[in-house]
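>
There are 4 protein chains.
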Amino acid sequence: MRSNLRVRMVAEFLGTAFLVAAVVGSGIMAERLANGNGALALLANTIATGAALVVLILTLGPISGAHFNPVVSVADAMEGDWIGPVFFRTSPRNSPVHCRNDGGARHVWDSADFRVAPHPGGAGQFLSEFIATFGLLCVIWGCSRSRPGIVPFAVGGYITAAYWFTASTSFANPAVTIARSLSDTFAGIRPADVPLFIVAQFAGGIAATILFRWLVPGLASSAKDMVVHHAAEIELPARPR
Amino acid sequence: MRSNLRVRMVAEFLGTAFLVAAVVGSGIMAERLANGNGALALLANTIATGAALVVLILTLGPISGAHFNPVVSVADAMEGDWIGPVFFRTSPRNSPVHCRNDGGARHVWDSADFRVAPHPGGAGQFLSEFIATFGLLCVIWGCSRSRPGIVPFAVGGYITAAYWFTASTSFANPAVTIARSLSDTFAGIRPADVPLFIVAQFAGGIAATILFRWLVPGLASSAKDMVVHHAAEIELPARPR
Amino acid sequence: MRSNLRVRMVAEFLGTAFLVAAVVGSGIMAERLANGNGALALLANTIATGAALVVLILTLGPISGAHFNPVVSVADAMEGDWIGPVFFRTSPRNSPVHCRNDGGARHVWDSADFRVAPHPGGAGQFLSEFIATFGLLCVIWGCSRSRPGIVPFAVGGYITAAYWFTASTSFANPAVTIARSLSDTFAGIRPADVPLFIVAQFAGGIAATILFRWLVPGLASSAKDMVVHHAAEIELPARPR
Amino acid sequence: MRSNLRVRMVAEFLGTAFLVAAVVGSGIMAERLANGNGALALLANTIATGAALVVLILTLGPISGAHFNPVVSVADAMEGDWIGPVFFRTSPRNSPVHCRNDGGARHVWDSADFRVAPHPGGAGQFLSEFIATFGLLCVIWGCSRSRPGIVPFAVGGYITAAYWFTASTSFANPAVTIARSLSDTFAGIRPADVPLFIVAQFAGGIAATILFRWLVPGLASSAKDMVVHHAAEIELPARPR
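Protein chains in written order, with the working numbering: chain P, 1 to 241; chain R, 1001 to 1241; chain L, 2001 to 2241; chain D, 3001 to 3241.
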């Protein structure tokens, strides 16, 4: 009944590739067109990313679960289901603020003082990563329990909001954090900060999972029905797969 | 079947914390990035707040009802259901117009003449509060009766629109009104105006509740099935909790 | 089973009042905050109006059908159902372009050359009114037949798009057309043009209704189940009203 | 049970006409109002197009399948269902960047350096067309399999995102590509490039279809139930048509 590992890995790779394209590509285009207005660029980036997330989870969720994120995979495993190897998810934080390599666009951002959190990693960044990932897993567990079919919209909506209320360097994703530490971008993370970021992300995701175990005692026993096969189970009761 | 009081209070606290973070955080970031354009800052604040409300009600509604607002709790009690102590809800009115404490951003707003209603409390503010809360409860009672699963989207959509058609100092929430009177912000309310605001909010919410009793005679008898457990009841007929 | 006439009229009045507030209020606030950028003001007006329409139809549709528009009532009557007297609907065309009476804001728009259609009424305006109302009724008949619960979102989405692809003075609503001819606004209609506008709107709505009779032969026989009670019928099979 | 060919062709023509009006009309109006800000114009164009796509597929999907695109028709035929002649679909790529013929607005765009891909056709454009159409068909096959009722929202959401992450001259539609080669617009395609574009689009659509055959083995056998009649089948089990 469940897709085999190879199929699921291809689906996760496909979804990650399109998510990266949506996040980075929309960030670059928005920045080029925005005439230096950071709020407008971020708004376009937000809408494109939120829409892409909804669509990608709708499209690939029934096949692979649409994790794209090691924290999601670990939290899923905590609740009794293990989809496969740790997959990658591109965080919405990979926003125009972070993804630029082209010199022409950089001056737009350099001249704007729009950073809420201090740039270097520290307690604020750690807290921001913790909160962003904590909220993401709260949304996943809270919605997938009672309304699995709504999860794609809830995750897209959460990211749409989280773009604006967390400090701009939060990723909510260890894979992206590692990738960012290897790139020479404006907001690149110092390699020395990577471990702290990843600890914060896993801590946030695990804390949310533990909290929802207490909030919803039956969560663990029904977890295997939730994230992975939600769409298929809910809407495909009698169709051949 | 229903969650106990402690679980529900934690859920209400969690939702309120994230809603405050979304409303205030998105307002601050939008203001910093908007280069002084108030419409753009408010648009970003609107989209982030609307998305956050949808997601938070989807996530926590099945656990605590996602009231976050004393007026909602009182209206719920009027219809035969009493969830618990009066919880807090951060109004979307806690917008970039209100939440600034930082001097750097203030000049942007000080130089813009964007206030629809006169700043000091008065009949206009009272009316605005009445209408905003009246509309919120109309939406809740109108939708929760026939389509409980749509309530999160309806409330988010209402707030998205209400941001733009009510005077900017409306809160639709007594808890936020009190909190605002204690803060030293640009659009802080004078403590002397607080009672009038709260009266207007409760009056609006109660008026909507009474109106819908007349519009939908069966409302009271089915009220206990509505706001609190909507998602669980509708979509979780046979799943262990 | 159906609401009585008085209840439905109150619901239609309530919905019209909030729709007017959303359309006009958001237009005024957007214009004041937009620093003269017409696209930004219209975008905020669009989002607020679309969200308000979705919410108002969700809230009041089960009570009164949420017509708000004589053309909708007539088309509904053509298909075998007559809800009551012709109610009023505020068209989204009542946008910031039209609703201003304050001199301070007018210069913003006067200095911008953003009109697609020529200002005086004529063949272009007639065609625009025909198309706008034709499209609205196509959406209503097309969606209400197969997915009545989706109608509020389809109408809101149609208006969100129609704001941008029809000439700015289109209303899609005879009631609003008459009201506009009585007001002294920037884009006020000359009283002499009113009859032509109304003819175009009814012609568009009737043409769409006739077209869908041919496209979907069973439309008339199932029409009475559609617009008015959609939400209740679909989602309230066993709940007391 | 299925609509006859003439009805379906009329529905496809109607949908194409409204989609063209939405895409081109919103692009023109957004450009005129945006005071030269390309990101704002594209954002308005994106929102209007996405909303129009959702609504048109909701409205006409139950009648004709709402293809509007030869690639969709061919992919549908590959899976065992053939709706009729190749219909036309206006791509969202027909954005403000492309549709201008009026000299007044052109300078706005000429002075902005917002092109991600090089203007002349080449490997980058070919790849962009391939990816855009590949993604569109992935979304259609991925969602229509498990949740046919969600397809209109998924396609609208995909286009909303794809506007921002593909190079601006991608169309994802052979019909639009041909039409564009005949027009004298800013970003008109050279006739010599048309064959390559069309090859890329069909290649992308066919690649996605083959991929999903492997990802979801039962896809072909259940394909005839998917795209065309989704809404009717899911939500109209017992209603006369």
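C-beta atoms are modelled at their ideal positions from N, C-alpha and C, and glycine is treated no differently.
1. Quick one: measure Cβ to Cβ for Gly3015(D) and Leu3056(D), integer angstroms, because I've assumed they're closer than 8 Å.
2. Considering only their Cβ atoms, is the gap separating Gly2142(L) from Ala2162(L) smaller than 8 Å?
3. Would you call the region 3028-3046 of chain D in contact with the region 33-47 of chain P, where contact means no fewer than 3 C-beta pairs closer than 8 Å?
4. What did DSSP end up calling Phe3165(D) once you bin it into helix, strand or coil?
5. By the DSSP assignment, the alpha helix (DSSP H) with Asp2193(L) in it spans what residues?
6. Taking the alpha-carbon positions, what's the Pro62(P) to Val151(P) distance?
7. What does Ser3064(D) reach in chain P if we use C-beta pairs closer than 8 Å?
8. Starting from Ile2028(L), follow the alpha helix (DSSP H) in both directions and report where the run begins and ends.
9. Provide the residue span of the alpha helix (DSSP H) that contains Ile3126(D), from first to last.
10. Would you identify the three-state DSSP class for Gly3204(D), choosing helix, strand or coil?
11. Out of Arg3008(D), Asn3037(D), Val3139(D), which one is the CA nearest neighbour of Leu3215(D)?
12. CA-CA distance, Val2072(L) and Gly2205(L)?
13. What did DSSP end up calling Ala1077(R) once you bin it into helix, strand or coil?
14. Spell out whether any CB of chain L is found under 8 Å from the CB atom of Ile3047(D).
15. Secondary structure at Val1151(R), three-state DSSP: helix, strand or coil?
16. Mapping DSSP to helix, strand and coil, what is Ala52(P)?
17. Mapping the DSSP letters down to three states, classify Ala2172(L) as helix, strand or coil.
18. Below 7 Å CB to CB, which residues in the same chain sit around Thr2133(L) once its five sequence neighbours on both sides are set aside?
19. What would DSSP say about Ala2066(L), mapped onto helix, strand or coil?
20. Under 8 Å between the Cβ atoms of Gly156(P) and Leu19(P)?
21. So what does DSSP say about Val3116(D), is it helix, strand or coil?
22. Cβ of Thr1133(R) within 7 Å of any heavy atom in the ligand COA?
23. Among Met3029(D), Gly3027(D), Ala3123(D), which residue has its Cα nearest to the Cα of Val3199(D)?
24. If you draw a straight line from the C-alpha of Glu31(P) to the C-alpha of Ala2207(L), how long is it?
25. Between Ala3021(D), Leu3058(D), Asp3193(D), which has its C-alpha nearest Thr3177(D)'s C-alpha?
26. Using the beta-carbon of each residue, which ones in chain R are nearer than 8 Å to Ile150(P)?
27. So Gly2038(L) contacts chain R; which residues on that side make the cut at Cβ distance below 8 Å?
28. Under three-state DSSP, which class holds Val97(P)?
29. With a 10 Å radius around its C-beta and 16 neighbouring C-beta atoms as the bar for buried, classify Leu2137(L) as buried or exposed.
30. Using a beta-carbon distance cut-off of less than 7 Å, what residues from the region 17-36 of chain P approach chain D?
31. What number of angstroms, rounded off, separates the C-alpha of Asn3004(D) from the C-alpha of Met3078(D)?
32. State the CB to CB distance for the pair Ala2154(L) and Thr3160(D), rounded to an integer number of angstroms; the pair is presumed to be in contact (CB under 8 Å).
33. To the nearest angstrom, how far is the alpha carbon of Phe2126(L) from that of Asn2069(L)?
34. Would a check of beta-carbon distances place Thr160(P) closer than 8 Å to chain R?
35. Exposed or buried, what is Ile2131(L) when buried is set at 16 or more other beta-carbons lying within 10 Å of its beta-carbon?
36. For Gly27(P), which of Ser128(P), Gly50(P), Ala11(P) has the nearest alpha-carbon?
By the coordinates alone:
1. With a Cβ gap of about 5 Å, Gly3015(D) and Leu3056(D) count as contacting.
2. With respect to Gly2142(L), Ala2162(L) sits apart: the two C-beta atoms are not nearer than 8 Å.
3. Judged by Cβ distances under 8 Å, the region 3028-3046 of chain D makes contact with the region 33-47 of chain P, as three or more pairs qualify.
4. In the structure shown, Phe3165(D) sits in a helix (DSSP, three-state: H, G or I).
5. Here Asp2193(L) belongs to no alpha helix (DSSP H), and DSSP marks it neither H nor E.
6. Near 12 Å, if we compare the C-alpha coordinates of Val151(P) and Pro62(P).
7. In chain order: nothing, as chain P lies at least about 23 Å away.
8. Run containing Ile2028(L): 2005-2033, per the alpha helix (DSSP H) assignment.
9. Going by the sequence as given, residue 3126(D) is Phe instead of Ile. Unbroken alpha helix (DSSP H) run through Phe3126(D): 3123-3146.
10. In the structure shown, Gly3204(D) sits in a helix (DSSP, three-state: H, G or I).
11. Measuring from the Cα of Leu3215(D), the nearest candidate turns out to be Val3139(D).
12. When rounded, the distance between both Cα atoms is 7 Å.
13. Helix at Ala1077(R).
14. Ile3047(D) counts as touching chain L.
15. Here Val1151(R) sits in helix by DSSP.
16. Assigned with DSSP and collapsed to three states, Ala52(P) falls in helix.
17. Collapsing the DSSP output to three states places Ala2172(L) in coil.
18. Closer than 7 Å at the Cβ level, and outside the excluded window around Thr2133(L), lie Val2071, Ala2172, Gln2201, Gly2204, Gly2205.
19. Shown here, Ala2066(L) sits in coil according to DSSP, grouped into three states, outside any helix or strand.
20. Judged by their CB atoms, Gly156(P) and Leu19(P) are not nearer to each other than the 8 Å cut-off.
21. For Val3116(D), the predicted structure reports a pLDDT of 32, less than 50, and the residue's modelled location is therefore unreliable. A value from the coordinates is still provided. In the structure shown, Val3116(D) sits in coil (DSSP, three-state: anything other than H, G, I, E or B).
22. Summarising the ligand content, the structure contains no ligands, and the ligand COA is consequently not present.
23. Of the candidates Met3029(D), Gly3027(D), Ala3123(D), the one whose C-alpha sits nearest the C-alpha of Val3199(D) is Ala3123(D).
24. Cα-Cα distance, rounded: 45 Å.
25. Taking only the C-alpha atoms, the option nearest Thr3177(D) is Asp3193(D).
26. Near Ile150(P) (Cβ distances below 8 Å), the residues of chain R are Leu1058.
27. Neighbours of Gly2038(L) on chain R: none; closest Cβ ~11 Å, over 8 Å.
28. No answer about Val97(P) holds up, because its pLDDT of 29 lies below 50 and its placement is not dependable.
29. Around the beta carbon of Leu2137(L), 16 or more other beta carbons sit within 10 angstroms, so the residue counts as buried.
30. Shown in chain order are the members of the region 17-36 of chain P whose Cβ falls below 7 Å from a Cβ of chain D: Phe18, Ala21, Ala22, Gly25, Ser26, Ile28, Met29, Ala30, Arg32, Leu33, Ala34, Asn35.
31. Roughly 21 Å separates the two Cα atoms.
32. The C-beta distance from Ala2154(L) to Thr3160(D) rounds to 17 Å, too long to meet the 8 Å contact threshold.
33. Phe2126(L) and Asn2069(L): Cα-Cα distance of roughly 18 Å.
34. Taking Cβ atoms only, chain R reaches closer than 8 Å to Thr160(P), which makes this a yes.
35. Ile2131(L) counts as buried, since at least 16 other C-beta atoms from the protein chains shown sit within 10 angstroms of its C-beta.
36. Of the candidates Ser128(P), Gly50(P), Ala11(P), Gly50(P) places its Cα closest to the Cα of Gly27(P).
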